[in-house]
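In my numbering, the protein residues as written are 17 to 244.
For each residue, glycine too, the CB sits at the ideal point set by N, CA and C.
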Ligand code: PRP
Ligand code: URA
C-alpha cells in the first residue's frame, strides 16, 4: 500500500494537528471516506454515482468539521422523564462556492436542516486560473455564526481565498473550509491569506499540473457532478 507522505505527516500530527507554521488542517482518514474518495476519483464513475459518493463523503467530512461545535444544554421531556439534551449554541451557516460546492451541500443539509445557506459564485478563468467573483448572497451579519465554506477542490486556492475574504467582509469570525481534495499550493495560499480558517479535507494531493488542475485529483468537479 502506498501512502501519500504529506497525508501521512498530517495524520501523524493527530486528529486536529497543526503543522508548524500552518493553519489547522484535518485530513479525514476514515476508511469509508477514503473509499468514497476513490470512487469519485475514478474516471469511469458516471455522474449519478459521482453524486452519490460525493454526498456520502461530504457528510463524513462535515461530521469531522463540526466535531467541536459548542452546544448549550436544553431540557428534554422524554415519554418517561425529564432529561438534559443539546442544542447548537450558535447559528450554523453553510456557504457553497458555486457551482461545484452545491455538490457538498446536498450531503450536509439533511444533518442540519435548519442551517442558513448563503451563496458565493466564483469561477476560475480558464486561461489564467484566476478567480472571477460573479455572485454573492450573504446574510447581513455572520459575526455570531459558525460558517462552513464548501468546495470540493482547493487547487491554487484563489477561489477559496476570495470566498473567505467576502465572508470576513460580511463579519464572519469562525470559518471552516470543507474541501474533498486539496494540494500544497492551495493550502499554502490559504495559510498566507487566511491563517485562521480551519480546513477539513479527505486528501492532500501532490500538486498542480500546468493547467492548475490537481494531480491526481478527480478532474473538473463541477462538470463531473453536473454532467456538463
Ligand atoms: C473549481 C472548483 C473550485 C475552484 C478551485 O470551480 O470547484 O471552486 O475551481 O480552483 P482554485 O483553487 O484554483 O481557485 P470552477 O471555477 O471550475 O467553477 P465551477 O464550480 O462552476 O465548475
Ligand atoms: N477545479 C476543479 O474542478 N478541479 C481541479 O483539479 C482544479 C480546479
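Give me the Cβ distance between residue i and residue j, rounded to the nearest whole Å; I'm assuming they're in contact under 8 Å.
i           : j           : result
residue 138 : residue 179 : 6 Å
residue 103 : residue 88  : 5 Å
Taking the alpha helix (DSSP H) that residue i belongs to, which residues open and close that run?
i           : result
residue 241 : 237-242
residue 200 : 200-209
residue 74  : 63-81
residue 119 : 118-124
residue 174 : 174-185
Determine, using beta carbons only, whether residue i and residue j come nearer to each other than 8 Å.
i           : j           : result
residue 176 : residue 155 : no
residue 237 : residue 169 : yes
residue 215 : residue 193 : yes
residue 196 : residue 183 : no
residue 222 : residue 231 : yes
residue 53  : residue 73  : yes
residue 116 : residue 228 : no
residue 119 : residue 147 : no
residue 85  : residue 49  : no
residue 41  : residue 218 : no
residue 112 : residue 132 : no
residue 109 : residue 100 : no
residue 75  : residue 124 : yes
residue 172 : residue 201 : yes
residue 122 : residue 153 : no
residue 55  : residue 69  : yes
Just checking residue i against the ligand URA - is the residue's beta carbon closer than 7 Å to any of the ligand's heavy atoms?
i           : result
residue 116 : yes
residue 177 : no
residue 233 : yes
residue 226 : no
residue 169 : yes
residue 212 : no
residue 238 : yes
residue 241 : no
How far does the beta strand (DSSP E) with residue i in it extend, from its first residue to its last?
i           : result
residue 88  : 87-93
residue 159 : Unbroken run through residue 159: none, as it is neither H nor E.
residue 222 : Counting along the chain, residue 222 falls outside any beta strand (DSSP E), and DSSP gives it neither H nor E.
residue 53  : Not the beta strand (DSSP E): residue 53 falls in the alpha helix (DSSP H), residues 47-57.
residue 104 : 98-104
residue 41  : 41-43
Look up residue i in the DSSP assignment and give the residues it is bridged to.
i           : result
residue 164 : 110 and 192
residue 148 : 139
residue 214 : 192
Would you say the beta carbon of residue i is closer than 7 Å to some non-hydrogen atom of the ligand PRP?
i           : result
residue 221 : no
residue 139 : yes
residue 91  : no
residue 130 : no
residue 187 : no
residue 145 : yes
Would you say residue i lies against chain C (beta-carbon separation less than 8 Å)?
i           : result
residue 114 : Protein chain content of the structure displayed is limited to a single chain, and chain C is not contained in it.
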